[in-house]
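Asks: In this note's numbering, the protein residues as written are 1 to 509.
(1) Touch check for the region 425 to 436 and the region 341 to 355: three-plus C-beta pairs under 8 Å?
(2) Below 6 Å CB to CB, which residues in the same chain sit around residue 491 once its five sequence neighbours on both sides are set aside?
(3) Whole beta strand (DSSP E) runs in the region 182 to 226 with 3 or more residues, listed along the chain?
(4) Among 455, 475, 11, 308, which has the Cα closest to the Cα of residue 448?
(5) Output the distance between the C-alpha atoms of residue 114 and residue 273, rounded to the nearest integer angstrom.
(6) Would residue 118 and residue 17 be called neighbours here (beta carbons separated by less than 8 Å)?
(7) For residue 388, which residues from the same chain have a beta carbon less than 6 Å from its beta carbon, with the 5 sequence-adjacent residues on both sides left out?
(8) In whole angstroms, what is the alpha-carbon distance linking residue 368 and residue 420?
(9) Skipping 5 residues on each side, what residues in its chain have a beta carbon closer than 8 Å to that of residue 168?
(10) List the DSSP bridge partners of residue 410.
(11) For residue 359 and residue 164, what's the separation of their Cα atoms in angstroms?
(12) When you compare only the Cα positions, how much space is there between residue 101 and residue 12?
(13) Considering only the alpha carbon of each residue, which of 171, 139, 396, 203 lies closest to residue 161?
(14) Buried or exposed: residue 51, going by 16 or more other Cβ atoms within 10 Å of its Cβ?
(15) State yes or no: is the C-beta of residue 379 within less than 8 Å of the C-beta of residue 349?
(16) Please report how far the alpha carbon of residue 19 lies from the alpha carbon of residue 130, in whole angstroms.
(17) What residues are listed by DSSP as bridge partners for residue 69?
(18) Evaluate residue 503 with the Cβ neighbour count: other Cβ atoms within 10 Å of its Cβ, from every protein chain shown; 16 or more gives buried, anything less gives exposed.
(19) If I'm right that residue 137 touches residue 304 with Cβ under 8 Å, what's the distance once you round it to whole angstroms?
(20) Please report the distance separating the alpha-carbon of residue 278 from that of residue 15.
(21) Is the CB-CB distance between residue 437 and residue 397 below 8 Å?
(22) For residue 441, which residues of its own chain have a beta-carbon under 7 Å away from its beta-carbon, when the five flanking residues on both sides are left out?
(23) Counting C-beta neighbours from all protein chains within 10 Å, is the total for residue 232 16 or more, i.e. buried, or is it exposed?
(24) Flag this pair as yes or no: are the beta carbons of residue 314 and residue 212 separated by less than 8 Å?
(25) Give the single residue among 351, 326, 383 whose Cα lies nearest to the Cα of residue 337.
(26) Mind checking who residue 94 pairs with in its DSSP beta bridge?
(27) How is the alpha helix (DSSP H) around residue 359 delimited, first residue to last?
(28) Go ahead and pull the three-state DSSP assignment for residue 89.
(29) For the putative contact between residue 27 and residue 106, defined by C-beta atoms under 8 Å, what is the C-beta separation to the nearest angstrom?
(30) How many angstroms separate the CA atom of residue 471 from the CA atom of residue 127?
(31) According to the Cβ coordinates, are residue 209 and residue 243 closer than 8 Å?
(32) Would a C-beta distance cut-off of 8 Å place residue 198 and residue 156 closer than the cut-off?
(33) Using 10 angstroms around the beta-carbon of residue 99, count the other beta-carbons present and answer buried if the total reaches 16, otherwise exposed.
(34) Identify whether residue 113 lies in helix, strand or coil by the three-state DSSP scheme.
(35) Can you tell me whether residue 252 is buried or exposed, with buried defined as 16 or more other CB within 10 angstroms of its CB?
The structure is reproduced here in structure tokens:
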């Protein structure tokens with residue numbers, strides 16, 4: 001009789017920004033939407049297109065036990081608006097059908113692994129991730145281990161916690177530990193197969209934090225995560241602290257403390273209480289300030305005209321495609337043009353029509369570039385400027401550093417345009433500029449860049465740290481869908497009271 005473990009793999013991954021355009025089926029298909037034989041083939045051959053969590057989970061089981069992956073569905077879209085309800089319903093039904101079929105096959109299922117984000121929304125549903133987890137538990141029953149990995153910007157609801165055995169969140173921001181968290185999930189599942197009974201406790205802390213204050217190299221969030229990790233031991237199997245995603249503007253918004261113990265509910269409860277108390281006591285440390293747009297351009301102009309000064313990176317954090325931003329606002333670009341700041345590289349502007357036009361005109365062409373000619377999204381204003389086409393590529397690459405390292409990425413047709421002394425990387429698919437390879441493929445020598453403008457909130461730090469130290473980074477306060485200035489998000493659906501919107505509130509776990 002075979003002892004091979006049959007483990008289902010599935011996931012719905014979307015970091016949803018309430019005010020961004022709806023994430024439809026095409027949004028997922030352009031990033032990752034695999035099922036059936038296609039999914040099975042990828043697992044058997046080249047896993048480079050899969051999330052690091054899935055690669056880590058599978059690699060660990062490959063090396064450790066006799067197992068059989070049972071591929072169900074993996075769906076991942078770039079951060080954007082809530083999922084189109086019809087597509088989400090279709091996806092959920094597809095997952096359910098696949099799980100039911102797997103349960104009726106010889107051997108059934110010995111576990112389910114879910115690679116999820118945790119801040120998912122559908123048009124009619126705030127707790128989209130809870131809907132997935134609840135469906136999974138309903139199909140497989142109480143006796144089958146269900147473990148999920150989550151982005152630390154997710155929100156954990158009671159439904160999510162009750163429907164799974166263990167939730168494993170990233171520990172790093174930028175998220176460079178996705179493979180390791182998949183590995184951890186696999187090890188916990190194997191431990192459950194040996195008889196370990198996990199007990200998970202969730203405490204939701206009523207606070208939302210600016211994304212730029214959630215780095216894990218230093219600061220309040222780093223201190224909290226490190227405190228949790230210092231408590232791991234024979235009793236505590238996992239500590240996950242998810243800060244949440246403010247632009248989701250959902251009833252699920254909160255900081256989530258999830259502690260999982262081995263065979264001992266009391267120890268998980270005690271530690272969760274300690275961590276929640278610590279998080280609340282530290283809440284004022286999460287409030288941050290950004291550099292006003294004009295002051296940031298002043299710095300850029302000074303650096304551009306003074307070779308002796310260190311190069312700087314201007315982070316356009318309010319237009320971060322990694323948080324649902326369109327990656328095409330022109331506030332910073334307009335100011336740089338008006339101030340005639342030269343020696344600037346801007347990565348990346350998402351404009352499929354402009355990239356296509358540049359490819360049609362060809363290398364060396366001069367033309368009037370019309371940015372955002374058909375955009376209707378708030379903040380995506382139009383801009384026309386004379387431009388020269390300096391480089392053209394197809395946009396496919398393997399990530400070199402940071403969150404995209406070793407993962408296959410397709411930016412679509414890309415063009416490098418020169419506008420008034422500014423080099424602008426224009427892409428056809430919306431990605432945050434978190435890996436130097438995106439610009440290097442266009443022929444840009446970043447070691448010679450004096451002023452680099454990046455449309456990213458924080459993941460660029462793990463990619464561009466070989467060129468820019470923390471003191472060379474300027475976070476710019478410009479308008480956009482992903483502004484870290486919480487009052488500017490105009491939140492209407494978050495639970496109240498919540499800090500910092502209700503700054504005088506009292507709370508205790």
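Idealized CB from N, CA, C, for every residue including glycine. Every value quoted in this text rests on a predicted model; they were computed, and no experiment measured them.
Replies: The relevant details are as follows:
(1) Yes, the region 425 to 436 touches the region 341 to 355.
(2) These residues qualify, in order along the chain: 249.
(3) If only complete runs of 3 or more residues are kept, the region 182 to 226 shows the beta strand (DSSP E) at 198 to 205, in order along the chain.
(4) The shortest C-alpha separation from residue 448 is found at 308.
(5) Using only the alpha carbons, I get a separation of about 27 Å.
(6) Going by beta carbons, residue 118 and residue 17 fall outside the 8 Å limit.
(7) Only 366, 418 meet the Cβ criterion.
(8) Looking at the two C-alpha atoms, the distance is approximately 12 Å.
(9) Closer than 8 Å at Cβ, skipping near neighbours: 147, 148, 149, 150, 181, 184, 185, 188, 238, 240.
(10) According to DSSP, which records beta bridges pairwise, residue 410 is partnered with 396.
(11) For residue 359 and residue 164, the distance between alpha carbons rounds to 48 Å.
(12) One Cα belongs to residue 101, the other to residue 12, and the distance between them is close to 19 Å.
(13) Closest by C-alpha distance to residue 161, out of 171, 139, 396, 203, is 203.
(14) The residue in question, residue 51, is buried, as its Cβ has 16 or more Cβ neighbours within 10 Å.
(15) No, they are not a contact pair.
(16) If I take the Cα positions, the gap works out to 21 Å.
(17) DSSP, once it has assigned bridges, lists 7 as partnering residue 69.
(18) Per the 10 Å Cβ criterion, exposed.
(19) No, residue 137 and residue 304 are not in contact; Cβ-Cβ is about 57 Å, not under 8 Å.
(20) The C-alpha of residue 278 lies about 26 Å from the C-alpha of residue 15.
(21) Against a cut-off of 8 Å, the Cβ pair of residue 397 and residue 437 comes out as a contact.
(22) 393, 397.
(23) With fewer than 16 other Cβ atoms within 10 Å, it is exposed.
(24) With respect to residue 212, residue 314 sits apart: the two C-beta atoms are not nearer than 8 Å.
(25) For residue 337, the nearest C-alpha among the options comes from 383.
(26) Its beta-bridge partners do not exist; DSSP assigns none.
(27) 352 to 361 is the span of the alpha helix (DSSP H), which, as asked, contains residue 359.
(28) Helix.
(29) Cβ-Cβ separation between residue 27 and residue 106: approximately 37 Å, too far for a contact (criterion under 8 Å).
(30) If you take the alpha carbons of residue 471 and residue 127, they lie about 39 Å apart.
(31) A contact, by the Cβ cut-off of 8 Å.
(32) Cβ atoms of residue 198 and residue 156: not closer than 8 Å.
(33) That one is buried.
(34) Of the three classes helix, strand and coil, the one that applies to residue 113 here is strand, per DSSP.
(35) Around the CB of residue 252, 16 or more other CB atoms lie within 10 Å, so the residue is classed as buried.
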